[in-house]
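Chains as they are written, first to last, in the working numbering: chain F, 1240 to 1334; chain P, 1240 to 1334.
Even for Gly, the Cβ is constructed at its ideal location relative to N, Cα and C.
Note that the structure is predicted; figures quoted are calculated from it, not measured.
Each remark here refers to the structure printed beneath this line.
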């Protein structure tokens, strides 16, 4: 659910799973910042996670930086070309 | 598909439908800017639209501002409380 320093990768679980990861991350250490990374349909979940965390739990949190991009993914089995997939990075910072 | 001045509302159609709306909007007038608005699952489509337009068609386009938020939606039939839904606004600007 949560890997590397300060990065939470958003996948296909429920938003609350990731919200807990973000809160844990920001509480356990003296980290001031967490970056949510997602691609494809999980982009909508990433925005949910940022909004739920900020509105319900850590009111001093802001989305200090939001970046979108595109990644090339290897072809799936039975396909013969790579796919382009959209990505988002949301940096959440404590005031 | 496209309403009001410079705003394109992203719904459940294919990304290319909205890409065309953005290109039309930016070509027909001397508009330098289009704002994509989406909520819920359509947030992922909005990011696709921004990325496809920028990478394939209008290379001088940048996502100059990205804002996320939450909107309260009226309760659906059979439900008795309002729902919170995440939103995104992506401002695309020509250089």
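Distance CB(residue i)-CB(residue j) smaller than 8 Å
i	j	result
residue 1260 of chain F	residue 1283 of chain P	no
residue 1274 of chain P	residue 1246 of chain P	yes
residue 1201 of chain P	residue 1286 of chain F	What is shown of chain P runs 1240 to 1334, which leaves residue 1201 of chain P out entirely.
residue 1309 of chain F	residue 1326 of chain F	yes
Which listed residue (the options) has its alpha carbon closest to that of residue i
i	options	result
residue 1290 of chain P	F:1295, F:1292, F:1279	F:1279
residue 1333 of chain P	P:1286, P:1272, P:1316, P:1315	P:1272
residue 1311 of chain P	F:1294, F:1311, F:1315	F:1294
Residues of its chain near residue i, where Cβ-Cβ distance is below 7 Å and the 5 sequence neighbours each way are ignored
i	result
residue 1313 of chain F	1321
residue 1288 of chain F	1249, 1254, 1257, 1258, 1261, 1275
residue 1317 of chain P	none
Chain-order list of residues whose beta-carbon lies under 8 Å from that of residue i (same chain, five-residue window excluded)
i	result
residue 1315 of chain P	1322
residue 1296 of chain F	1258, 1262
residue 1281 of chain P	1249, 1250, 1251
residue 1292 of chain F	1258, 1261, 1262, 1300, 1331
residue 1242 of chain P	Residue confidence is low: residue 1242 of chain P scores 39 on pLDDT, short of 50, so the model does not pin down where it sits. No coordinate-derived value is stated.
Beta-carbon contacts of residue i that lie in its chain and below 6 Å, excluding the five residues immediately before and after
i	result
residue 1277 of chain P	1249, 1285, 1327
DSSP state of residue i mapped onto helix, strand, coil
i	result
residue 1274 of chain F	strand
residue 1304 of chain P	strand
residue 1259 of chain F	helix
residue 1265 of chain P	helix
residue 1294 of chain F	helix
residue 1246 of chain P	strand
residue 1321 of chain F	coil
residue 1241 of chain F	Here the model assigns residue 1241 of chain F a pLDDT of 40, short of 50, so the residue's position is not dependable and the matter cannot be decided.
Any C-beta of chain C under 8 Å from that of residue i
i	result
residue 1299 of chain F	Reference to chain C is not applicable here, since the protein chains of this structure are F and P.
Closer than 7 Å: residue i CB and nearest the ligand GDP heavy atom
i	result
residue 1315 of chain F	Questions concerning the ligand GDP fall outside what the structure shown contains, since it holds no ligand whatsoever.
Taking one C-beta from the region 1249 to 1259 of chain P and one from the region 1299 to 1307 of chain F each time, how about it: are there three or more such pairs within less than 8 Å?
no
At a cut of 8 Å, does the region 1258 to 1270 of chain F reach the region 1258 to 1265 of chain P through at least three beta carbon pairs?
no
Do three or more CB pairs link the region 1310 to 1324 of chain P to the region 1319 to 1334 of chain F at distances below 8 Å?
no
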